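Engineer: Residue numbers (the numbering used here), protein chains in the order written: chain A, 11 to 220; chain B, 11 to 220.
Heads up, the beta-carbon is just placed ideally off N, CA and C, and yes, glycines get one too.
Remember, it's a predicted structure, so these values are computed and weren't measured experimentally.
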DNA sequence: TGTATAAAACTGACCGGTCAGTCAATTGAG
DNA sequence: CTCAATTGACTGACCGGTCAGTTTTATACA
């Protein structure tokens, strides 16, 4: 039984190694430009092994997408849990997506790739929709609590959650294109605009004037 | 000379046909899944002809990206020109991007694909950055005028333009994933949230309460 | 107007390269 | 010895790009 356990863990480890390698490759090259050879090389195994652990290339990518979703979701939950104030929670949520330039870049590129697949491949579509919804639960709760407590103004919940999510995605996109402005500038802009919208500008007026 | 003119126009027509076909194929399948055969078939020519008019597959896609940019930009400029009020101008800008479900879907999918290429291919990156900047001129002018006239509250121009663009992109993304809410819902939400942010909620409070 | 000639437009078979997936052979732990 | 894990050579499908050849159009001339 102990041996069986060990084997299982070993197998899971291998699978995770392959998934991480896939995720990194997708971020760097984009789905269609990644070969099984690339993934195998990065994971330190042979090409044959990739298909020993996963039935197909598609399954491998599906695993990577799921892994990424889970990872981001956990990160959000953890970051939000350690603060109380709705405004701080909102900032924590934004910061758990805008972590640092390299990581955010990887995440965003992989994310858009999976999104793109999601619109064309049924299997990926379900996953993405689920991912999107599960993140949504977090921000909805924060915003509801914020309105309840009076920290935020009286807003339509749907509008506010949509706005928060749209701004994070949209500003990441802008950061990629704009040669003017650092990653940190965009992170702070996201915080500022969201909080400004939620509170009606009653909080960080002074910050904005700087 | 007249004949030469005709030939030129005919050639341009053919090129445009190929570009349109490429755009549609990209929207439906995504860059990497489109073959020259697909494009030729849709344009009603042979595969050989695609490379008679364009040096390579990449050039064909570059043409499609440029065409799309130009088309969207013209549409924005036209839509914005026929109204005066900053709030109406802002709505017109949003509506020229949220046209209808089918067209917006095609635009958005092609757009994200070109964006994805832009991060990996120098030639596409320049194009996208230019596109992004040229659209930016429009919204910046509108927002500056709005603040000047007092229709909008005193906002940081950068924050406001960023916010407008991010919200359009972000809400399109959401519309793809959400099974709840029609295209029209998202179009109106975009209008509502942007105007609410720009005016500080002094305009369509009543709308939001519905 | 009809005919000859040149040029441009167009075609699809073909080539070379790539890559997902297969499988027979090898390794090594128990 | 057994069997799961691992490998990489191999296969067949696919696709971008080439090119020799065909068709269409424009031009020149009688």
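With a Cβ-Cβ cutoff of 8 Å, do residue 183 of chain B and residue 179 of chain A count as a contact?
Structural biologist: As a first step, residue 183 of chain B must be located in the second chain, where it is residue number 173. As a first step, residue 179 of chain A must be located in the first chain, where it is residue number 169. In contact: residue 183 of chain B and residue 179 of chain A (Cβ atoms closer than 8 Å).
Engineer: Along the alpha helix (DSSP H) that carries residue 172 of chain A, what are the first and last residues, could you check?
Structural biologist: Here residue 172 of chain A refers to the residue found at position 162 of the first chain. Per DSSP, residue 172 of chain A belongs to the alpha helix (DSSP H) from 167–187.
Engineer: Using a Cβ cut-off of 8 Å (strictly closer), state whether residue 117 of chain A contacts chain B.
Structural biologist: Here the question's residue 117 of chain A lines up with position 107 in the first chain. So, not an interface residue.
Engineer: Tell me, to the nearest whole angstrom, how far the beta carbon of residue 42 of chain B is from that of residue 42 of chain A; I am working on the premise that it is less than 8 Å.
Structural biologist: Along the second chain, one-based indexing puts residue 42 of chain B at 32. Along the first chain, one-based indexing puts residue 42 of chain A at 32. About 3 Å separates the two Cβ atoms, so the contact holds.
Engineer: Who are the Cβ neighbours of residue 201 of chain A in its own chain at under 7 Å, not counting the five residues just before and after it?
Structural biologist: Start at 1 with the first residue of the first chain, and residue 201 of chain A comes out as number 191. Cβ within range, chain order: 101, 104.
Engineer: Given a threshold of 16 other Cβ atoms within 10 Å of its Cβ, counted over all protein chains shown, does residue 128 of chain B qualify as buried or as exposed?
Structural biologist: Here the question's residue 128 of chain B lines up with position 118 in the second chain. That one is buried.
Engineer: Do you know whose CA, among B/185, B/121, B/204, lies nearest residue 80 of chain B's CA?
Structural biologist: For the purposes of this step, residue 80 of chain B is taken as residue 70 along the second chain, with counting starting at 1. Closest option to residue 80 of chain B, Cα to Cα, is B/121.
Engineer: Hey, residue 37 of chain A and residue 116 of chain A: beta-carbon distance below 8 Å or not?
Structural biologist: Reading the first chain from its first residue, position 27 is the one you call residue 37 of chain A. Reading the first chain from its first residue, position 106 is the one you call residue 116 of chain A. Contact: yes.
Engineer: Return helix, strand or coil for residue 208 of chain B, following the three-state DSSP convention.
Structural biologist: On the second chain, residue 208 of chain B is found 198 positions in, with the first residue counted as 1. Helix.
Engineer: Does residue 111 of chain A come within less than 8 Å of chain B when only Cβ atoms are used?
Structural biologist: Indexing the first chain from 1 puts residue 111 of chain A at position 101. Taking Cβ atoms only, chain B never reaches closer than 8 Å to residue 111 of chain A, which makes this a no.
Engineer: In this structure, how does DSSP classify residue 122 of chain B when only helix, strand and coil are distinguished?
Structural biologist: Residue mapping note: residue 122 of chain B aligns to position 112 of the second chain, counting from 1. Of the three classes helix, strand and coil, the one that applies to residue 122 of chain B here is helix, per DSSP.
Engineer: Taking residue 95 of chain B as the query, report the chain A residues whose CB atoms sit under 8 Å from its CB, ordered along the chain.
Structural biologist: On the second chain, residue 95 of chain B is found 85 positions in, with the first residue counted as 1. The contacting residues do not exist; residue 95 of chain B stays about 22 Å from chain A at best.
Engineer: Taking just the CA atoms, how far does residue 50 of chain A sit from residue 149 of chain B?
Structural biologist: For the purposes of this step, residue 149 of chain B is identified with residue 139 of the second chain, where counting begins at 1. For the purposes of this step, residue 50 of chain A is identified with residue 40 of the first chain, where counting begins at 1. Using only the alpha carbons, I get a separation of about 47 Å.
Engineer: To the nearest angstrom, report how far apart residue 126 of chain B and residue 113 of chain A are at their CA atoms.
Structural biologist: Against the second chain, residue 126 of chain B aligns to sequence position 116. Against the first chain, residue 113 of chain A aligns to sequence position 103. Each residue's alpha carbon lies about 17 Å from the other.
Engineer: Considering only C-alpha positions, which residue in the set B/137, B/207, B/166 is nearest to residue 73 of chain B?
Structural biologist: Numbered from 1 along the second chain, position 63 holds the residue referred to as residue 73 of chain B. Per the Cα distances, B/137.
Engineer: Grouping DSSP H, G and I as helix and E and B as strand, with all else coil, what is residue 218 of chain B?
Structural biologist: For the purposes of this step, residue 218 of chain B is identified with residue 208 of the second chain, where counting begins at 1. Its pLDDT being 42, under 50, residue 218 of chain B is placed unreliably in this model, and the value from its coordinates should be taken loosely. It is helical.
Engineer: Alpha helix (DSSP H) containing residue 60 of chain A: first to last residue?
Structural biologist: Numbered from its first residue, the first chain carries residue 60 of chain A at position 50. Per DSSP, residue 60 of chain A belongs to the alpha helix (DSSP H) from 57–63.
Engineer: For chain B, find out if any of its Cβ atoms is closer than 8 Å to the Cβ of residue 60 of chain A; answer yes or no.
Structural biologist: Working through the first chain from its first residue, we reach residue 60 of chain A at position 50. Closer than 8 Å: no.
Engineer: DSSP three-state call for residue 110 of chain B: helix, strand or coil?
Structural biologist: As a working mapping, residue 110 of chain B is identified with position 100 in the second chain. Here residue 110 of chain B sits in coil by DSSP.
Engineer: Can you tell me which of B/156, B/77, B/91, B/25 puts its alpha carbon nearest to the alpha carbon of residue 140 of chain B?
Structural biologist: As a working note, residue 140 of chain B is residue 130 in the second chain. Nearest of B/156, B/77, B/91, B/25 to residue 140 of chain B, Cα basis: B/77.
Engineer: Over what stretch of residues does the alpha helix (DSSP H) that includes residue 84 of chain A continue unbroken?
Structural biologist: Taking the first residue of the first chain as 1, we reach residue 84 of chain A at position 74. Taken as a continuous stretch (DSSP letters only), the alpha helix (DSSP H) holding residue 84 of chain A covers 67–91.
Engineer: What does a CB cutoff of less than 7 Å around residue 144 of chain B pick up in its chain, not counting 5 residues either side in sequence?
Structural biologist: One-based indexing of the second chain puts residue 144 of chain B at position 134. Contacts found: 83.
Engineer: By a C-beta neighbour count over all protein chains shown, 10 Å radius and 16 as the cutoff for buried, is residue 99 of chain B buried or exposed?
Structural biologist: If you number the second chain from 1, residue 99 of chain B lands on position 89. So residue 99 of chain B counts as buried.
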